[in-house]
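S.K.: Letter 202 of the sequence shown, counting from 1, is numbered 341 in this note's numbering, and no numbers are missing.
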Amino acid sequence: MKLLFLTGSRSEWGYIRPILRLCEKRNVDYHICATNMLLLPAYGTLIDEIRNDGFTVSDEIYMALEGHNHYTMSKSLGVFLSSFADTLNRERPTWVVLSGDRAEQLMGAVAAAYTYTPVAHIQAGERSGNIDGVSRHAIGKLVHLHLAANEDAATRLRNLGEEDFRIHNVGAPQLDEIVEGEILSRRELAAKYDFNFDRPYLMVVQHPVTEEMDSAYEQAMTLGKALEALDMQKVWVLPNNDAGAGAVRRALFKFRTGETLMFDNLSRGDYLGFLANAACIVGNSSSGLLEAPTLKVATVNIGRRQLDRVRGDNVIDVPIEIPAITDGIKRALSDEFQQIVKNCSNPYGDGKSSSRIIDCLENTPIDDRLLIKRLTL
Numbered sequence: 140m141k142l143l144f145l146t147g148s149r150s151e152w153g154y155i156r157p158i159l160r161l162c163e164k165r166n167v168d169y170h171i172c173a174t175n176m177l178l179l180p181a182y183g184t185l186i187d188e189i190r191n192d193g194f195t196v197s198d199e200i201y202m203a204l205e206g207h208n209h210y211t212m213s214k215s216l217g218v219f220l221s222s223f224a225d226t227l228n229r230e231r232p233t234w235v236v237l238s239g240d241r242a243e244q245l246m247g248a249v250a251a252a253y254t255y256t257p258v259a260h261i262q263a264g265e266r267s268g269n270i271d272g273v274s275r276h277a278i279g280k281l282v283h284l285h286l287a288a289n290e291d292a293a294t295r296l297r298n299l300g301e302e303d304f305r306i307h308n309v310g311a312p313q314l315d316e317i318v319e320g321e322i323l324s325r326r327e328l329a330a331k332y333d334f335n336f337d338r339p340y341l342m343v344v345q346h347p348v349t350e351e352m353d354s355a356y357e358q359a360m361t362l363g364k365a366l367e368a369l370d371m372q373k374v375w376v377l378p379n380n381d382a383g384a385g386a387v388r389r390a391l392f393k394f395r396t397g398e399t400l401m402f403d404n405l406s407r408g409d410y411l412g413f414l415a416n417a418a419c420i421v422g423n424s425s426s427g428l429l430e431a432p433t434l435k436v437a438t439v440n441i442g443r444r445q446l447d448r449v450r451g452d453n454v455i456d457v458p459i460e461i462p463a464i465t466d467g468i469k470r471a472l473s474d475e476f477q478q479i480v481k482n483c484s485n486p487y488g489d490g491k492s493s494s495r496i497i498d499c500l501e502n503t504p505i506d507d508r509l510l511i512k513r514l515t516l
């Protein structure tokens, strides 16, 4: 079996890294195609993290065009689609493995479907509040195997007409490394970044919302002003390269102080280490919903980006308004809510997903029944 993993962002790398480690242990032949922000120096050259983790990148596809607007994003997807078809022709994988809902994953699904290459989709069937949520379901109509993170997503896939044999509830693989303890300790992080962990801090990750690109700067300024009023350290991780990212970055730079650590990117272990020790995470990152409950960290989720997504009891949802954000953080830090977080469960699984995913790929017959899709609706 030869697996081809596609990754274009730091979040997608979090999906697939534990699976790749298990592939090595089980002697499964895997290849990595890296693209989009992973290759861009402006975002911390994430490609170096992959190599530093000991993995070999088989193919690099440069796709991102300057501009950070809807039109350059759309043109970038065409660049990727054309190039990824060449990758498929050269690699001839048994399976293409996609993750999540970003647009390059959708293009990967298109290329694989139209070359009749078997394709599996990690975290299929979920809902979210922006164009990525639509992309996730478009991917679902093209792929051959759905690797859902919970029964809510699996049920939605069935209701959307997907055949039952294609759907597997395996959990979210991002949790595997947390459960296995692959997180940097406070001592290691303090030495590496000269950061005072004896004082509480907020983890802040705010991405642009594609449909609200024109207000991305204003939204980031609102968040910055809300946090400015709180006498706490902040660890900011700057946004991805979606439309509006430049505006978010310009706004956030205005709030950099001596008590602020600001990163273009963090390695997976460092990110989880900072998140695990944070008083809470603030912003609109999916990690507040996926990883934070396993780490027993409160989340103040801002705006619509994660709208309709399944969430645990650790999440407080607030609009993009200064009083709502500050009130949400105060509630998240309260003893009462911290006790709720301590006892919360994670609706995205138990941290044992990677083995289930590889088992599904190994045990699914590749035949006409798999490759020729029939919808039940």
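Glycine included, each C-beta is placed from N, C-alpha and C at the ideal position.
Once DSSP output is grouped into helix, strand and coil, what is the label at His209?
M.R.: DSSP places His209 in helix when its eight states are reduced to three.
S.K.: Just verifying my parser: in three-state terms, what is the DSSP assignment at Ile270?
M.R.: Helix, per DSSP.
S.K.: So, is Arg326 buried or exposed, given that buried needs 16 or more other C-beta atoms within 10 angstroms?
M.R.: Arg326 comes out exposed.
S.K.: Shortest alpha-carbon distance to Gly147 belongs to which of Asp507, Leu286, Arg407 and Asn379?
M.R.: Comparing Cα-Cα distances from Gly147 to each of Asp507, Leu286, Arg407 and Asn379, the minimum goes to Asn379.
S.K.: Going by beta-carbon coordinates alone, are Ala471 and Ala415 separated by less than 8 Å?
M.R.: Not a contact, by the Cβ cut-off of 8 Å.
S.K.: At what residues does the alpha helix (DSSP H) containing Gly310 begin and finish?
M.R.: It is not in any alpha helix (DSSP H) - Gly310 carries neither H nor E in the DSSP assignment.
S.K.: Quick one: residues in its chain with C-beta nearer than 6 Å to the C-beta of Pro157, no 5 flanking neighbours on either side, listed in chain order?
M.R.: Excluding sequence neighbours, Pro157 sits near Pro312, Asp315, Glu316 and Ser493.
S.K.: Is Val167 near the ligand PLP, judged by its Cβ being under 7 Å from some heavy atom?
M.R.: For the structure depicted, the ligand PLP is absent and the ligand set is empty, with no information on it obtainable.
S.K.: Candidates Tyr210, Lys393, Gly153 and Thr503: which alpha carbon is nearest Met352's?
M.R.: Comparing Cα-Cα distances from Met352 to each of Tyr210, Lys393, Gly153 and Thr503, the minimum goes to Tyr210.
S.K.: Could you check which residue in Met212, His276 and Leu220 has the C-alpha nearest to that of Val249?
M.R.: The candidate whose alpha carbon is nearest that of Val249 is Leu220.
S.K.: Could you compute how far the alpha carbon of Ala431 sits from the alpha carbon of Val309?
M.R.: Taking the straight line from one Cα to the other gives about 19 Å.
S.K.: Tyr169 lies in the beta strand (DSSP E); which residues open and close that run?
M.R.: Here the beta strand (DSSP E) through Tyr169 covers Asp168 to Thr174.
S.K.: Buried or exposed for Val273, please, with buried defined as at least 16 other CB atoms from any protein chain shown within 10 angstroms of its CB.
M.R.: Classification for Val273: exposed.
S.K.: Helix, strand or coil for Gly442 per DSSP?
M.R.: If DSSP states are grouped into helix, strand and coil, Gly442 belongs with coil.
S.K.: Compute the distance between the beta-carbons of Val457 and Gly467, then report whether it is under 8 Å.
M.R.: For Val457 and Gly467, yes; Cβs fall inside 8 Å.
S.K.: Take Pro486 and list the residues in its own chain whose beta-carbon comes closer than 6 Å to its own, dropping the five residues that flank it on each side.
M.R.: Excluding positions up to five away in sequence, the list reads Asn289, Val449 and Gly451.
S.K.: If you run the structure through DSSP and keep just helix, strand and coil, what is Phe336?
M.R.: Correct three-state label for Phe336: coil.
S.K.: How many Å lie between Ile511 and Val343 at the Cα?
M.R.: Answer to the nearest angstrom: the Cα atoms are 44 Å apart.
S.K.: Starting from the C-beta of Val218, find all residues in its chain whose C-beta is less than 7 Å away, skip the five residues before and the five after it, and write them out in chain order.
M.R.: Once the five neighbours on either side are set aside, the close Cβ partners of Val218 are Met202.
S.K.: Is it true that the CB of Thr254 sits closer than 8 Å to the CB of Met140?
M.R.: Result no, Cβ atoms of Met140 and Thr254 do not sit closer than 8 Å.
S.K.: List the DSSP bridge partners of Phe402.
M.R.: DSSP, once it has assigned bridges, lists Val376 as partnering Phe402.
S.K.: Given 8 Å as the limit, is there contact between the region 321–339 and the region 293–308, that is, 3 or more CB pairs closer than that?
M.R.: These segments do not touch.
S.K.: Spatial neighbours of Ala368 within its chain, please: CB distance less than 7 Å, with the 5 preceding and 5 following residues excluded, ordered by chain position.
M.R.: Only Thr465 meet the Cβ criterion.
S.K.: Could you check where the alpha helix (DSSP H) with Ser148 kicks off and where it finishes?
M.R.: Per DSSP, Ser148 belongs to no alpha helix (DSSP H) and is neither H nor E.
S.K.: Quick one: is Gly385 near chain C, going by C-beta distance under 8 Å?
M.R.: The displayed structure is made up of one protein chain only, and chain C is not part of it.
S.K.: Compute the beta-carbon to beta-carbon distance between His307 and Leu286, rounded to the nearest angstrom, for a pair I have assumed lies under 8 Å.
M.R.: Between Leu286 and His307 the Cβ distance is about 6 Å, and since that is below 8 Å, they are a contact.
S.K.: In three-state DSSP terms, what is Cys499?
M.R.: Helix, per DSSP.
S.K.: I need the straight-line Cα distance from Leu185 to Asp403, nearest angstrom please.
M.R.: Straight-line Cα distance between these residues: approximately 10 Å.
S.K.: At what residues does the beta strand (DSSP E) containing Gly183 begin and finish?
M.R.: Unbroken run through Gly183: none, as it is neither H nor E.
S.K.: Suppose the cutoff is 8 Å on Cβ atoms and the five residues either side in sequence are ignored; what does the same chain contact list for Asn102 look like?
M.R.: No answer is possible for residue 102: it lies beyond the span of the chain, which begins at 140 and ends at 516.
S.K.: Straight-line CA distance for Glu243 to Glu398?
M.R.: Taking the straight line from one Cα to the other gives about 36 Å.
S.K.: Comparing alpha-carbon positions, which option in Asp370, Ala365, Leu516 and Tyr356 lies nearest Arg338?
M.R.: Nearest of Asp370, Ala365, Leu516 and Tyr356 to Arg338, Cα basis: Asp370.
S.K.: Tell me which residue opens and which closes the beta strand (DSSP E) that Ala259 is part of.
M.R.: Unbroken beta strand (DSSP E) run through Ala259: Val258 to Ile261.
S.K.: Could you please give the first and the last residue of the uninterrupted alpha helix (DSSP H) stretch that includes Ile461?
M.R.: Ile461 to Leu472 is the extent of the alpha helix (DSSP H) around Ile461.
S.K.: Leaving out five residues before and five after Tyr340 in sequence, what residues of the same chain have Cβ atoms less than 7 Å from its Cβ?
M.R.: Within the same chain, Tyr340 has close Cβ partners Met371, Gln372, Lys373, Val374, Ala417 and Ala418.
S.K.: Ala259 and Val236 look like a contact to me (Cβ under 8 Å); what is the Cβ gap, rounded to whole Å?
M.R.: That belief holds up - the Cβ atoms of Ala259 and Val236 are roughly 5 Å apart, short of 8 Å.
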